[in-house]
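These notes are about the structure you will find just below.
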Amino acid sequence: MADTGPPTAKELWGDEKFADATVIMGKKIWRIHRWVVCQQSDFFMKAYEGDFKVYTTIMRLPDTEEMADRPAHFQESKTKTIDLSDRDLSQDAIQLMLKFLYTHELDRRQKADPLTTVIIADHFQVKTLRTKALQELRGGLRTIIIGGNFVNFKKWALRILEDHGDTDIEQALVDVTAASLQAVVYNRIIPSTWNDIVQKHPSFANKVLLAVVPKPKPQPKPNEGMVVGTGAIKRSAGTAFDDAYAVPSTIPHFPSTDLVQLRIEFSLVPEWARENKLSGCLSASSIGASEGNQIICAVSEARGVVPSVGVALINISTGEAVLSQICDNQSYVKTTHKLAVFEPSRILIVDTACPPNPKSSLYATIEEELPGVPIAALNRSYWSETAGLEFIQSLAFKEDVEATKVAIEGNYYATSSFSAAIRYLELEFSLRIASRSLRIRYQPSEESMMISLPTIAALELIRNLQDPSSKACLFGLLKQTTTPMGARMLRTNILQPSTQTDGVLIPRYDALEELCTKEDMFFSVRNALKQFGDIEKLLSKLILLPTKPSLEATEQAINNVLIIKSFLVAVQTLFESLASARSALLVRIRDHCRNDITNPILESIAQVINEDVTYVRKPLDLRNQRVYAVKAGVQGLLDVARTTYKEATDDLHKHVEELNAELGLAADLKFENRRQYWLRYRCSDFENGLIPRALINCIRKKEYLECQTLQMLKLNQRMTDSVDEVTMQSDKVVRQLLDSIRVNIPDLFRICESIALLDMLSSFGQTVTMRDYVRPIMKGTLALKGARHPILDATLEGKFVPNDYYASEQHSFQIITGCNMSGKSTYVRTVALLQVMAQIGCFVPAQFASFTVVHNLFSRTSTDDSVEANMSTFSVEMRDTAFILRNINDKSLAIIDELGRGTSTRDGLAIAIAIAEALIQSNAIVFFTTHFTELAHVLQDRPSVLNLHLATETSTAVDNIPKMTMLYKVDSGPVRDENYGIKLARAVGFPAGFLDVAENVSNVLRQQAQMKEQSLESLRLARRRNLVLDLQEALQQAYNSDLNEEALRGHLRRLQSDFVTNMARLEPGVGDVEDEDEGERKGMDGIEDESEAEAGLSSPAFTGKEATAELGTLGSILSPDVSSELGGDINLDD
20 MADTGPPTAK
30 ELWGDEKFAD
40 ATVIMGKKIW
50 RIHRWVVCQQ
60 SDFFMKAYEG
70 DFKVYTTIMR
80 LPDTEEMADR
90 PAHFQESKTK
100 TIDLSDRDLS
110 QDAIQLMLKF
120 LYTHELDRRQ
130 KADPLTTVII
140 ADHFQVKTLR
150 TKALQELRGG
160 LRTIIIGGNF
170 VNFKKWALRI
180 LEDHGDTDIE
190 QALVDVTAAS
200 LQAVVYNRII
210 PSTWNDIVQK
220 HPSFANKVLL
230 AVVPKPKPQP
240 KPNEGMVVGT
250 GAIKRSAGTA
260 FDDAYAVPST
270 IPHFPSTDLV
280 QLRIEFSLVP
290 EWARENKLSG
300 CLSASSIGAS
310 EGNQIICAVS
320 EARGVVPSVG
330 VALINISTGE
340 AVLSQICDNQ
350 SYVKTTHKLA
360 VFEPSRILIV
370 DTACPPNPKS
380 SLYATIEEEL
390 PGVPIAALNR
400 SYWSETAGLE
410 FIQSLAFKED
420 VEATKVAIEG
430 NYYATSSFSA
440 AIRYLELEFS
450 LRIASRSLRI
460 RYQPSEESMM
470 ISLPTIAALE
480 LIRNLQDPSS
490 KACLFGLLKQ
500 TTTPMGARML
510 RTNILQPSTQ
520 TDGVLIPRYD
530 ALEELCTKED
540 MFFSVRNALK
550 QFGDIEKLLS
560 KLILLPTKPS
570 LEATEQAINN
580 VLIIKSFLVA
590 VQTLFESLAS
600 ARSALLVRIR
610 DHCRNDITNP
620 ILESIAQVIN
630 EDVTYVRKPL
640 DLRNQRVYAV
650 KAGVQGLLDV
660 ARTTYKEATD
670 DLHKHVEELN
680 AELGLAADLK
690 FENRRQYWLR
700 YRCSDFENGL
710 IPRALINCIR
720 KKEYLECQTL
730 QMLKLNQRMT
740 DSVDEVTMQS
750 DKVVRQLLDS
760 IRVNIPDLFR
770 ICESIALLDM
780 LSSFGQTVTM
790 RDYVRPIMKG
800 TLALKGARHP
810 ILDATLEGKF
820 VPNDYYASEQ
830 HSFQIITGCN
840 MSGKSTYVRT
850 VALLQVMAQI
860 GCFVPAQFAS
870 FTVVHNLFSR
880 TSTDDSVEAN
890 MSTFSVEMRD
900 TAFILRNIND
910 KSLAIIDELG
920 RGTSTRDGLA
930 IAIAIAEALI
940 QSNAIVFFTT
950 HFTELAHVLQ
960 DRPSVLNLHL
970 ATETSTAVDN
980 IPKMTMLYKV
990 DSGPVRDENY
1000 GIKLARAVGF
1010 PAGFLDVAEN
1020 VSNVLRQQAQ
1030 MKEQSLESLR
1040 LARRRNLVLD
1050 LQEALQQAYN
1060 SDLNEEALRG
1070 HLRRLQSDFV
1080 TNMARLEPGV
1090 GDVEDEDEGE
1100 RKGMDGIEDE
1110 SEAEAGLSSP
1120 AFTGKEATAE
1130 LGTLGSILSP
1140 DVSSELGGDI
1150 NLDD
């Protein structure tokens, strides 16, 4: 029996035209189709088995499972009706079940909860519905547990355990509870709520514990039956006493929770079985190149027609909070884009918008767009604007409080979301943030470019599509950073390029240009940056206060102090490397690294920490540094503990020397954190294969034997006790030191941000100096000369063929045609990648580059089916295009690659033309590639449309087989050779007979199309209009340029000559309009003179203008200021 409905079933839902059966529930009547419901439900199959004229169709829901399994043979009736009115069933559940049989989608507007849906699926024996409802139930239970909704958790648990014990429904509850056990501990469900459940259903608690704690494997006794080497090396007798004191060498290992960072302790399971549950709090990257930071995100929305969404993201790993209030649309595209870029590890939403309540549109959208990210439902009391402002007042940097309040003023939902996120961390994770230590910034959505998620993937901004580990992507190309902080900033900037020209982009261009021109400074900066680690994450640990002191926290605190000390010393080196900096941005970075900022912190550290103590990575060296970190004399008992540690260390070395002398062997003394000191021998050193009885805890690894002695264990314990005593005596002094450092946390974070920015700029410089990149200008016009695809340019090593681009208001919609493999897709992707590079502050691969600021970047380039979403190529294409049409505006750049090829030619062409018309009306810059040459001809007379094609040379070989050479150069007009597909087929050896028929059919179709084209006169009129508009634009640019008088006169003279010559070509009898295709390329030859290029001028290569009289009438077209400034009557010879 099939588990899915027929393809057309969805269309029949609610259509009674062909319905042949009825279901009644009270006053509710459903007209259904037996062929849809019977093949998916055993209940309906048995009910409708046979001919309705023979069997009755007035059915009752079976009272027993036995009756449900029997065929339904009844007396004759013509009503064909199943009446369920006397059954205790929900109309909403039946409605949901019937609609699911048609659509295979759960109607989220129905009030039936997941458990009721599972029950109704059981009654009607619908397997697919049961599976989906069980998944919904698991998700709802998980949300309740994580969100801390104790009352709901108890209600659902008792309902399931009492009514559905020992079923897979109970097992779902067990699995979810076990998987969310950490959240159970966080939310303090124990002892009250948990005990209520356990007392009534003790077997449930046993099942949960069995699911959480795996049964440990029996451990073999140390050295039992051990054989070392190939010979019969056996344990010597009399080891019982030694074994009694031996430490098991094989202990179940579970990574310990980072108590310093989240201060969470488990008390429900044994110590050895405590797994690291923080993996559930790490963000999983769907975009790529993510570090898995711990990010908590709170989201709330206004209840209005136009959604206003408040977002607060707290990055626990880097100690930063980002607040935004987004004016979104009904599809929440801006909100989901911001969440996808930040990749939160957990999203918080008001519980009234979450299951088991009906899901809100925002919840359903986030669940669909960000699958796998846990969503926690919180009580509405968590959201409070007053509390949010109080948190900003107490947690933000002191000097940033007022500025943050001004920026956040009036943004109720963003402030409330910040309150929810902070309270969630405090109440649910027992995490406190030190006052005046959290970086809080308000990020308006208007200050950065929005790049749709399909575009991020299609353009390979972060990850290569074919090989995710490859560096053949924009992030891989530009990632020459030396610090993790710089890599994070680079990734963030690529995903959210800036739209602030004067405040961000121009200063970055200036700084990058200075770095590239001052070689000594560039290399000294690169060398200085190599000394920095991920200090940003270290500082985030300092602002998270421990809930209670512990040895681990104190040890980590000492490590942190040593790392900060090394960091501040390296900052002074970086400051010196920027001594010659002159650009405003580099000077600002240097000012953040001044000695008067770092020296006070170093002095406070020097008062407590020995000068010769630094941070090291080897375990033994690090332990020694911690022991001797605090200066002598600060604490009396501290010196005593150090003396004990030194004596125990000396005794250990003496013991090893004596042991080696006694055994006549040379052991290597090793150290590791778990076993501490241990010995290593070569197995071949033992005579007769016998291990001396003095050696215990023996482990063989290849040709070596690792072991200890009883005396070594005792000395290890003495040293451990001494180190613990040193740590405890150092705790107070170190905590006081950290408190003094926390006062300077704002300055330290600013230094980190400056280092990250400088690292990103130096990474750009590394890429720019290795290749021929040029500084872009932001002039409001897209004009590129000799532009190259950045990734392919690096891969092909100078063999990439560059191209020119020109787009403005009069040439905003560009249609690119050409044969297969001619480079159309590469051509349009290049302009999008260069736009991103320009708006992150990087130079671009071109001879000249001028850009306009783009606020939205869209692409429709992929042609793959979406198997996961059960969508064909065409369905995916239409979904993505609909998204673009809903969100595109005049500040957008879109690249559309071969739209409509996933369906029939006629439908594809019609859809492509309709979508192209809509995109033209949006006034966005659009690059539209297509194989539909008809589309190019239909739209060629529209204002702002420009036809281009990728050139191909066709020649004939000796054997009369055509040869096609791809030039990869863009040229004006649509592609001329309309049979390039047939010629390409001939070139690859396709049978000639088939191709002859294909060519004849193509010629007939072309002739029919030509008969329907516009008359030549109307075509001439349209082209004259376009040429006049081109000239108007060129003169306006000349007026706004900064050319001197002589250069301006020469430029205008060329414009006049082109206008007169090309307009004359359009006169009847002078030339065929159809041969004027090069006139379609308005602006491709535009950058003729270096001085004109620098002035932001383009010189469109007009392809048909009128007589000189037309030029004289342009005074009325131009603004009065332009006309008067040019001197009234235009005489270029004056």
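Following this note's numbering, the numbering of the sequence shown begins with 20 at its first residue and continues without gaps.
Cβ coordinates follow ideal geometry from the N, Cα and C atoms, glycine included.
Arg399 versus Thr739 - alpha carbon distance: Between Arg399 and Thr739, the C-alpha separation is close to 49 Å.
Straight-line Cα distance separating Thr423 from Thr354: Taking C-alpha positions only, Thr354 is separated from Thr423 by approximately 21 Å.
Secondary structure of His674, DSSP reduced to three states: In the structure shown, His674 falls within a helical segment according to DSSP collapsed to helix, strand and coil.
DSSP state of Gly784 mapped onto helix, strand, coil: Look at Gly784 here: in three-state DSSP terms it is helix.
8 Å Cβ cutoff met for Leu497 and Phe783: In this structure, Leu497 sits near Phe783, with a CB-CB distance shorter than 8 Å.
Where the alpha helix (DSSP H) through Glu421 begins and ends: Residues Val420 to Ile427.
Close-in-space but distant-in-sequence residues of the same chain around Cys316 (CB under 6 Å, 5 per side omitted): Here the set comprises Leu332, Pro363 and Ile366.
For Asn334, the first and last residue of its enclosing beta strand (DSSP E): Where Asn334 is concerned, the enclosing beta strand (DSSP E) stretches over Ser327 to Asn334.
C-alpha gap between Arg1158 and Leu1062, whole angstroms: Here the chain covers residues 20 to 1153 and nothing more, so residue 1158 does not appear.
Closest Cα partner of Ala913 within the set Leu876, Glu465, His672 and Arg905: Ranking Leu876, Glu465, His672 and Arg905 by Cα distance to Ala913 puts Leu876 first.
Range of the contiguous alpha helix (DSSP H) that encloses Met1206: Because the chain is modelled from 20 through 1153, residue 1206 falls outside the range shown and cannot be assessed.
Euclidean distance between Cα positions of Asn763 and Ile583: The alpha-carbon atoms of Asn763 and Ile583 are separated by roughly 12 Å.
Reduced DSSP category for Ala28 - H, G, I as helix; E, B as strand; rest coil: Three-state DSSP puts Ala28 in a helix.
Cα-Cα separation, Phe542 to Lys549: For Phe542 and Lys549, the distance between alpha carbons rounds to 11 Å.
CB of Thr100 within 8 Å of CB of Thr41, strictly: Cβ atoms of Thr100 and Thr41: closer than 8 Å.
Contiguous alpha helix (DSSP H) assignments of at least 4 residues, all confined to the stretch 110-180: Taking only runs of at least 4 residues, the alpha helix (DSSP H) segments lying wholly in the stretch 110-180 are 110-122, 133-143 and 146-166.
Nearest candidate by alpha-carbon position, reference Asp539, set Leu597, Asp105, Arg712 and Val753: Restricting attention to Leu597, Asp105, Arg712 and Val753, the CA atom closest to the CA of Asp539 is found in Leu597.
Simplified DSSP state of Trp402, which is helix, strand or coil: For Trp402, the three-state secondary structure derived from DSSP is coil.
Whole-number beta carbon distance between His611 and Met469, since they are thought to touch under 8 Å: Actually they are not in contact, since the Cβ atoms of Met469 and His611 sit about 30 Å apart, beyond 8 Å.
Thr573 versus Ser749 - alpha carbon distance: So the alpha carbons of these two residues sit roughly 8 Å apart.
Closest residue to Gln344 among Ile368, Asn430 and Gln736 (Cα-Cα distance): Closest option to Gln344, Cα to Cα, is Asn430.
Distance, Ala576 Cα to Leu756 Cα: One C-alpha to the other measures close to 10 Å.
Residue from Arg460, Ser841 and Phe361 with nearest C-alpha to Ile314: Cα-wise, what sits closest to Ile314 is Phe361.
Sub-8 Å separation of Leu408 and Ile452 beta-carbons: Against a cut-off of 8 Å, the Cβ pair of Ile452 and Leu408 comes out as no contact.
Simplified DSSP state of Asp669, which is helix, strand or coil: Asp669: helix per DSSP, three-state reduction.
Ser894, enclosing alpha helix (DSSP H) - first and last residue: Start and end: Thr892 to Asn906.
Contacting residues, own chain, Cβ-Cβ under 6 Å from Glu155 (five flanking each side not counted): Cβ neighbours of Glu155 within its own chain (closer than 6 Å, five residues either side excluded): Pro133.
Among Leu815, Val872 and Val137, nearest to Arg826 - alpha-carbon criterion: Here the sequence assigns Ala to residue 826, which means Arg is not the residue at that position. Ala826 has its Cα closest to that of Val872, out of Leu815, Val872 and Val137.
Spatial distance of Arg790 from Ile810 (CA atoms): Computed Cα separation, rounded: 12 Å.
N-terminal and C-terminal residue of the alpha helix (DSSP H) that His356 is part of: That run of the alpha helix (DSSP H) goes Val352 to Phe361.
Beta-carbon proximity check, Thr880 vs Ser844, cutoff 8 Å: Their beta carbons are under 8 Å apart, which means Thr880 touches Ser844 by this criterion.
Contacting residues, own chain, Cβ-Cβ under 6 Å from Leu916 (five flanking each side not counted): The question names Leu, but residue 916 is Asp in the sequence shown. Around Asp916, the same chain offers Ser844, Thr880 and Thr948 as residues with beta carbons nearer than 6 Å, after the five sequence neighbours per side are excluded.
Range covered by the alpha helix (DSSP H) that runs through Gly805: Here Gly805 belongs to no alpha helix (DSSP H); instead the beta strand (DSSP E) covers Leu801 to Ala806.
Close-in-space but distant-in-sequence residues of the same chain around Asn735 (CB under 6 Å, 5 per side omitted): Cβ neighbours of Asn735 beyond the five flanking positions: Gln695 and Tyr696.
Option in Ala648, Thr617 and Arg642 with minimal Cα separation from Asn629: The shortest Cα separation from Asn629 among Ala648, Thr617 and Arg642 belongs to Ala648.
Whole-Å CB distance - Arg157 paired with Ala191, under 8 Å assumed: About 5 Å separates the two Cβ atoms, so the contact holds.
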